[in-house]
Every structure is written in structure tokens, then in C-alpha cells.
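Residue numbers (this note's numbering): 12 to 450. Yeah, the Cβ is synthetic: ideal placement off N, Cα and C, and Gly gets one too.
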Ligand SMILES: *[C@@H]1O[C@H](CO)[C@@H](O)[C@H](O)[C@H]1NC(C)=O
Ligand SMILES: *[C@@H]1O[C@H](CO)[C@@H](O)[C@H](O)[C@H]1NC(C)=O
Ligand SMILES: *[C@@H]1O[C@H](CO)[C@@H](O)[C@H](O)[C@H]1NC(C)=O
Ligand SMILES: *[C@@H]1O[C@H](CO)[C@@H](O)[C@H](O)[C@H]1NC(C)=O
Ligand SMILES: *[C@@H]1O[C@H](CO)[C@@H](O)[C@H](O)[C@H]1NC(C)=O
Ligand SMILES: *[C@@H]1O[C@H](CO)[C@@H](O)[C@H](O)[C@H]1NC(C)=O
Ligand SMILES: *[C@@H]1O[C@H](CO)[C@@H](O)[C@H](O)[C@H]1NC(C)=O
Ligand SMILES: *[C@@H]1O[C@H](CO)[C@@H](O)[C@H](O)[C@H]1NC(C)=O
Ligand SMILES: *[C@@H]1O[C@H](CO)[C@@H](O)[C@H](O)[C@H]1NC(C)=O
Ligand SMILES: *[C@@H]1O[C@H](CO)[C@@H](O)[C@H](O)[C@H]1NC(C)=O
Ligand SMILES: *[C@@H]1O[C@H](CO)[C@@H](O)[C@H](O)[C@H]1NC(C)=O
Ligand SMILES: *[C@@H]1O[C@H](CO)[C@@H](O)[C@H](O)[C@H]1NC(C)=O
């Protein structure tokens with residue numbers, strides 16, 4: 012057995028990798044420096060450089076301090092085991108300046124990870140984004156520039172990530188970008204704020220320009236999309252996921268960029284529980300005209316993009332106290348004002364909601380709003396059984412004459428054969444996050 016700790020003059024302080032054959036075992040600097048949080052990122056880069064092609068990288072059962080951005084891409088035939096805590100620093104000014112671009116909406120990431128034929132196992136380890144600092148500093152603003160996605164899986168083929176546990180993500184927890192055949196199994200995300208500011212934009216999982224994807228057995232507590240299939244996501248299967256306080260399972264938003272069409276096809280969400288979520292199972296697109304946001308922030312300006320959303324299935328959902336269980340909106344960022352709401356250039360077709368049961372927070376079960384320009388063909392409801400929480404308790408709905416569940420529809424082609432019990436017209440100013448009953 013040959014053991015050679017990598018100690019060179021330049022790396023005495025910064026590297027702590029033990030290499031044995033093609034296995035690199037990582038120890039944190041804190042072990043050699045009396046517990047101080049010296050940056051372990053240089054050691055991590057070194058370990059992947061030495062063992063990232065045809066090797067193994069092991070994070071031992073210790074706390075690693077990650078004080079600088081990680082780029083561990085272009086791995087090949089590599090197995091990674093995470094047994095300790097990966098604690099990302101909360102030096103907001105640093106991350107704002109130094110995170111890596113992911114192109115989409117000018118967002119950035121703290122860790123760019125990827126390769127071909129790569130397996131990652133969280134064997135008792137976890138990722139701690141120390142997001143509270145971000146939540147507090149962000150003060151409920153949306154898409155703050157430079158707020159990094161916790162972990163981005165980029166340019167990967169055959170990547171299997173099991174047991175990834177992200178607590179207090181800085182921003183979106185995971186993002187799959189320009190990749191093929193990527194599976195996240197036994198994923199856990201928990202973004203919970205301990206002050207008056209919310210966990211805005213802490214999506215559990217987002218995908219973009221990627222194909223053949225799996226998310227299975229996940230438990231996500233957060234303040235934004237649980238799982239979101241963004242533009243050019245194809246053949247995504249999401250199965251057995253619990254969404255806690257999040258905004259549910261979604262396609263979108265898409266149609267943000269007039270120069271880049273979005274195609275989302277063959278997506279299935281099944282066996283999902285939404286607990287106290289804002290939305291449950293929904294599709295959201297931008298309006299058809301470009302609108303700039305006064306808040307000037309990254310993801311908040313756009314619209315005018317075209318494309319297609321086709322063959323989407325939401326099935327076997329259990330909703331518990333969900334504000335808007337089922338929605339389709341063609342103007343997610345203008346609907347509350349009804350400005351340009353009816354102009355979307357996105358075509359949406361072949362969408363099925365089946366076996367959706369449980370309770371809604373208000374008197375609304377579904378709002379399906381398609382634009383005049385692109386009415387939606389082949390929208391199907393099968394076996395939908397949603398009751399408001401109050402109705403299950405025998406209590407009346409507050410301040411409304413509509414004491415039954417409302418299903419509001421607009422521009423659904425073949426509405427009569429769709430299975431949707433439409434009993435109200437979907438207005439062009441119905442919000443994504445309703446705050447009360449429909450009147
Ligand atoms: C190590 O840290 C402890 C407290 O964290 C401190 O009391 C001690 O003096 C430190 N030792 C050295 C050699 O710096
Ligand atoms: C990440 O590292 C790879 C080398 O593995 C390099 O080719 C690439 O340019 C780096 N990406 C960024 C965004 O720095
Ligand atoms: C961030 O970048 C700005 C402009 O380049 C620089 O003035 C500032 O010192 C940087 N801050 C950090 C923490 O790196
Ligand atoms: C993407 O990965 C492939 C190998 O799978 C590699 O050849 C290519 O250089 C990578 N592209 C970038 C931009 O890193
Ligand atoms: C999420 O974390 C909070 C505290 O940060 C904790 O109270 C809560 O139990 C956690 N939720 C889950 C589902 O683990
Ligand atoms: C921030 O947003 C959260 C979640 O939406 C909300 O609960 C909280 O009241 C908001 N905080 C303030 C101070 O407005
Ligand atoms: C569903 O996922 C949970 C983890 O969130 C897991 O405990 C459970 O065993 C999974 N159920 C099935 C049928 O695999
Ligand atoms: C989606 O893919 C199409 C090609 O199929 C491409 O033209 C378009 O730019 C992509 N959209 C985005 C947002 O990258
Ligand atoms: C629709 O997508 C599902 C996967 O979500 C796939 O199994 C099915 O074959 C697709 N149907 C069509 C007609 O492409
Ligand atoms: C959708 O699924 C069908 C059936 O598996 C397949 O033939 C088709 O190519 C898929 N579409 C896309 C865009 O991947
Ligand atoms: C449900 O009933 C309670 C008690 O009457 C009432 O305070 C509450 O506003 C009702 N909720 C809705 C959504 O109408
Ligand atoms: C009751 O509903 C009406 C609209 O129908 C609204 O104008 C009014 O503000 C509501 N009252 C309360 C107390 O919420």
C-alpha cells in the first residue's frame with residue numbers, strides 16, 4: 012500500500028488529499044489547523060484532478076469548508092462518495108463576484124459538476140448551503156443577481172446522484188443543464204427560514220436543455236418550485252416526491268426569450284404529495300410580448316418566446332391544503348395585471364391530469380387559461396377529486412356565493428370532452444398564488 016499525502020511547498024496549507032492508487036480521500040484543513048475554517052476548495056479541485064477520470068473521490072466524515080466556487084466538470088468513469096458535511100460559506104459578497112454562470116436568466120452557481128459515467132453517493136453526507144444568510148439578505152426579492160444555485164449538473168451523460176441532501180440552499184438547490192441521462196434518487200432539500208424573510212427562489216430541482224431525466228424518491232421543503240421542467244426538457248420522469256410548502260410540480264416557466272424557443276415534451280409527474288403548497292400540478296408560460304421588470308432583476312424580465320409544450324402527464328397526486336391545485340397559465344408574469352395576458356406564443360397540447368385527490372385551501376380546484384392565439388387542444392382531466400378544506404370540515408367558504416369548487420377555463424379546445432367540469436370563465440388576471448376565494 013502506498014500512501015502519499017500531497018504536500019508541496021505551495022500546497023502545505025491548502026491541500027489535504029490522500030491518494031491511494033486511483034482513489035483520492037479528502038480530509039478538511041480544519042483537522043490540521045485547530046478547527047479553523049480554512050477553505051477546502053483547493054483540495055477538492057485537486058482530488059478531482061487526480062482521481063476524476065477513472066477513479067474515486069471520497070469526502071470523509073468531517074466538515075468541509077467550501078469558501079470558493081467549485082468547478083469539477085469533465086469527469087469520466089468516476090465514483091464519488093460524500094460522508095461528511097459540505098459547508099458552503101455565507102460570504103455573500105464573495106459568491107456574488109465569483110460564482111459560475113449557467114447562462115439561463117443570467118443565473119450563477121456555486122458548484123459546477125459534471126462528466127460522463129459518473130456516480131455520486133451521499134453516504135450520510137450532506138450539502139449545507141447556509142442559505143439563511145441569503146434569505147435574510149434577499150428580503151423577499153425575486154431572482155436576485157449573483158445568488159448562486161447550490162449544485163449544477165452540467166454537460167453530463169449517464170450521471171447518477173443518490174442521496175443528495177441539501178439543507179438551506181442558497182438559491183435553487185439543483186439544476187440539470189445540457190445533460191443526458193441524469194438521475195437524482197433519494198433527493199432531500201430543506202430550505203426553511205428562521206426569520207421574517209421567506210426562502211424565495213429555492214427551487215428543489217430545475218432542468219434546462221436536457222433529455223432523459225429521472226427524479227425519484229424525493230422530499231422537498233422549500234419556498235418555490237418543487238420540481239420545474241424548464242425549456243427544452245424532454246423525457247423527464249418525476250416519481251414519488253413529497254413537496255412541502257413549495258409551489259409544486261411545474262412545467263416552466265417557458266417562453267421568456269424571443270430568440271430561443273422552448274420545447275418541453277414527454278414529461279410525467281407521478282405519485283406526488285403536496286403539503287400546504289401554493290400550487291400543485293401546473294404549467295406556466297410567459298406572455299407573448301417582452302416586458303421589462305421594474306425590479307431589474309435577472310429572471311423577472313422577458314416574454315415573447317415561442318415553442319411547444321406537449322405530452323405532459325400529472326398523475327396520482329395527493330393535495331393537502333393547496334392554494335391552487337391545478338393550473339395552466341399562458342401569462343404567469345402578467346396575469347395579476349392582465350396586461351398582455353392573452354398574447355402567449357407558446358403552444359400547449361396533450362396534457363393530462365389524472366387521479367388528483369385531496370384538499371384545496373380556497374374554493375378553487377383548477378384554473379386553465381389558454382391564450383386566444385394558442386387555444387389548447389387535448390387537455391384531459393380524469394378522476395379529479397378535490398374539495399376545499401372548509402368543505403371537508405363542514406364550514407362555509409368566506410365572503411363568496413360560490414360554495415362549491417370552481418373549475419375555471421378559457422380557450423380549452425373540446426372543453427366538453429376534456430373531462431374538466433368547467434363552471435367559471437378563467438379571467439386574464441387570476442394570480443399564480445391566490446390569497447382568497449373566487450367570488
Ligand atoms: C485551538 O483552539 C482553541 C479554541 O478553539 C484555543 O483555545 C487554542 O488556544 C487553540 N490552539 C492553538 C495552538 O491555536
Ligand atoms: C471548468 O473546468 C474545466 C476543466 O475541467 C474548464 O474546461 C472549464 O472552462 C471550466 N469552466 C468554467 C466556467 O470556468
Ligand atoms: C467584487 O468585485 C468588485 C468589482 O470588481 C470589487 O470591487 C470587490 O472588492 C469584490 N468583492 C469581493 C468580496 O470579492
Ligand atoms: C462536455 O463533455 C464532453 C465529454 O463528455 C467533452 O468532450 C466536452 O469538452 C465538454 N464540453 C465542455 C464545454 O466542457
Ligand atoms: C427543515 O429544517 C428545519 C430547520 O431548519 C426543521 O425544523 C424541519 O424539521 C426540517 N424539515 C424536514 C422535513 O426535515
Ligand atoms: C416574505 O415572504 C414570505 C413567504 O412568502 C412571507 O411569509 C413573509 O411574510 C414575507 N416577509 C415580509 C417581511 O414581507
Ligand atoms: C418514496 O420516497 C420516500 C423518500 O422520500 C421513501 O422513503 C419511500 O420508500 C419511497 N417509496 C417507494 C415506494 O419507493
Ligand atoms: C431549444 O432547442 C432548440 C433546438 O431544438 C433551440 O433552437 C433553442 O434555442 C433551444 N432553446 C433554448 C432556450 O435553449
Ligand atoms: C409521452 O411521454 C411519455 C413519457 O412521459 C411516453 O412514455 C409516451 O410514449 C409519450 N407519448 C407520446 C405519444 O409520445
Ligand atoms: C417522446 O416519446 C416518444 C415515445 O417514447 C418518442 O418516440 C419521442 O421521440 C419522444 N419525443 C421527444 C421530443 O423526445
Ligand atoms: C374557513 O372557515 C373559517 C371559519 O369560518 C373562516 O375563518 C375561513 O375564512 C374559511 N376559509 C375560507 C378559505 O373561506
Ligand atoms: C368580500 O368580497 C368582495 C368582492 O366580492 C370584496 O370587494 C370585499 O373586499 C370582500 N370583503 C372582505 C372582508 O374580504
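Check                                                                                                             : Outcome
Where residue 273 falls, given that 16 or more other Cβ within 10 Å makes a residue buried                        : buried
Alpha-carbon to alpha-carbon, residue 356 and residue 135                                                         : 46 angstroms
Closest residue to residue 399 among 129, 155 and 287 (Cα-Cα distance)                                            : 287
Where residue 450 falls, given that 16 or more other Cβ within 10 Å makes a residue buried                        : exposed
According to DSSP, residues forming a beta bridge with residue 123                                                : 82 and 163
Rounded Cβ spacing between residue 377 and residue 320 (contact assumed at less than 8 angstroms)                 : Incorrect: roughly 17 angstroms between the Cβ atoms, too far for contact.
Cβ-based neighbour list, residue 279, same chain, cut-off 6 angstroms, excluding 5 preceding and 5 following      : 248 and 324
Reduced DSSP category for residue 183 - H, G, I as helix; E, B as strand; rest coil                               : coil
Stretch-stretch touch, CB-based, cutoff 8 angstroms, three pairs: the stretch 176-188 with the stretch 199-209    : yes
DSSP three-state assignment for residue 191, whether helix, strand or coil                                        : strand
Residue 436 - partner residues in DSSP beta bridges                                                               : 420
From 190, 195 and 191, residue whose alpha carbon lies closest to that of residue 184                             : 195
For residue 57: DSSP bridge partner residues                                                                      : Bridge partners of residue 57: none, in fact.
heavy atom of ligand 5 below 7 angstroms from residue 201 C-beta                                                  : yes
Bridge partner(s) assigned by DSSP for residue 201                                                                : 178 and 232
As assigned by DSSP and simplified to three states, the class of residue 381                                      : coil
Same chain, Cβ closer than 6 angstroms to residue 67, neighbours up to 5 away in sequence not counted             : 34 and 90
Identity of the residues DSSP links to residue 356 by a beta bridge                                               : 317
Separation of residue 309 from residue 408, as counted between CA atoms                                           : 39 angstroms
Sheet register partners of residue 137 (DSSP bridge)                                                              : 96
Residues sharing a beta bridge with residue 206, DSSP                                                             : Answer is none; residue 206 lacks a bridge partner.
Backbone secondary structure at residue 21 - three-state DSSP                                                     : Confidence at residue 21 is low in this model, with a pLDDT of 37, below 50, so its placement is unreliable and the value that follows should be read with caution. If DSSP states are grouped into helix, strand and coil, residue 21 belongs with the helices.
Residue span of the alpha helix (DSSP H) that contains residue 400, given as start and end                        : 400-404
Three-state secondary structure (DSSP) of residue 367                                                             : strand
Nearest candidate by alpha-carbon position, reference residue 120, set 418, 161, 427 and 352                      : 161
Extent of the continuous beta strand (DSSP E) run through residue 250                                             : 244-255
Cβ distance (whole Å) where residue 238 is taken to contact residue 221 below 8 angstroms                         : Not quite, the Cβ-Cβ distance comes to about 13 angstroms (not below 8 angstroms), so this is no contact.
For residue 50, the nearest candidate out of 78, 43 and 60 (CA to CA)                                             : 78
Secondary structure of residue 427, DSSP reduced to three states                                                  : helix
For residue 253, the nearest candidate out of 270, 386 and 230 (CA to CA)                                         : 230
Cβ neighbour criterion (16 or more within 10 Å) applied to residue 3                                              : Any question about residue 3 goes unanswered here, given that the chain covers just 12 to 450.
8 angstroms contact criterion, which residue 417 and residue 390 should meet: CB distance rounded                 : At roughly 17 angstroms, the Cβ-Cβ gap does not stay under 8 angstroms, so residue 417 and residue 390 are not in contact.
Residues bridged to residue 43 [DSSP beta-bridge criterion]                                                       : According to DSSP, which records beta bridges pairwise, residue 43 is partnered with nothing at all.
Residue span of the beta strand (DSSP E) that contains residue 276, given as start and end                        : 273-286
Proximity winner among 331, 404 and 445, relative to residue 346 (alpha-carbon distances)                         : 445
Neighbourhood of residue 426 by C-beta, 7 angstroms cutoff - its chain only, sequence neighbours within 5 removed : 420 and 433
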